[in-house]
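S.K.: Numbering (the numbering used here), first residue to last: 12 to 169. No residue lacks a Cβ here, since even glycine has one placed at the ideal position from N, Cα and C.
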């Protein structure tokens with residue numbers, strides 16, 4: 012036997028708003044599916060029953076019902092913004108790496124490579140550690156392609 016259906020009391024005003032959304036023109040598929048699920052939950056259908064008619068999992072439908080109870084209709088329709096990952100480099104570190112890339116490459120190297128920039132940044136203690144992908148994205152945002160510029164040393168004639 013499955014979980015008992017959560018009793019979600021959706022106000023008549025909110026049910027009318029859901030119906031108006033469904034009658035309206037073009038909407039995001041996500042909003043339409045959530046509106047359909049909420050209307051069925053208002054009719055005391057269980058999450059697995061709703062999941063049979065709507066391409067959402069029973070767990071997603073339960074979460075939708077809980078979000079409605081906690082934050083109302085707007086909270087059920089739209090998700091909270093997620094914070095994302097913290098930046099690896101601060102602005103000071105980025106500036107120092109860019110300055111390093113704009114200078115000449117180390118002795119014995121003809122040009123900067125992404126791998127070389129990452130190794131030299133750690134070696135020069137600009138950053139405690141950094142990955143190649145972080146460096147690649149940093150150079151991409153500054154439109155720098157140091158691996159294309161070869162610093163050729165010409166021998167002076169004697």
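Tell me whether residue 163 sits in a helix, a strand or coil according to DSSP, three-state version.
M.R.: Within the chain shown, the letter at position 152 stands for residue 163. Low local confidence applies: a pLDDT of 48 at residue 163 is under 50, so the model's placement there is unreliable, with the coordinate-based value given in what follows. Reduced to three states, the DSSP call for residue 163 is coil.
S.K.: Can you tell me the Cα-Cα spacing of residue 20 and residue 53, whole angstroms?
M.R.: For the purposes of this step, residue 20 is taken as residue 9 along the chain shown, with counting starting at 1. For the purposes of this step, residue 53 is taken as residue 42 along the chain shown, with counting starting at 1. Each residue's Cα considered, the two are about 6 angstroms apart.
S.K.: Could you compute how far the alpha carbon of residue 139 sits from the alpha carbon of residue 150?
M.R.: Counting from one through the chain shown, the residue named residue 139 turns up at place 128. Counting from one through the chain shown, the residue named residue 150 turns up at place 139. So the alpha carbons of these two residues sit roughly 19 angstroms apart.
S.K.: Starting from residue 76 and walking both ways along the alpha helix (DSSP H), at which residues does that stretch end?
M.R.: Numbered from 1 along the chain shown, position 65 holds the residue referred to as residue 76. 69-88 is the extent of the alpha helix (DSSP H) around residue 76.
S.K.: Between the alpha carbons of residue 97 and residue 90, how many angstroms are there, rounded?
M.R.: Translated into positions along the chain shown, residue 97 becomes position 86. Translated into positions along the chain shown, residue 90 becomes position 79. If I take the Cα positions, the gap works out to 20 angstroms.
S.K.: With three or more beta-carbon pairs closer than 8 angstroms as the criterion, would you say the segment 54-63 touches the segment 105-115?
M.R.: No: the two stretches stay apart, fewer than three of their Cβ pairs being nearer than 8 angstroms.
S.K.: Just curious, the alpha helix (DSSP H) that residue 64 is in, first and last residue?
M.R.: In the chain shown, counting from the first residue as 1, residue 64 sits at position 53. Start and end: 58-64.
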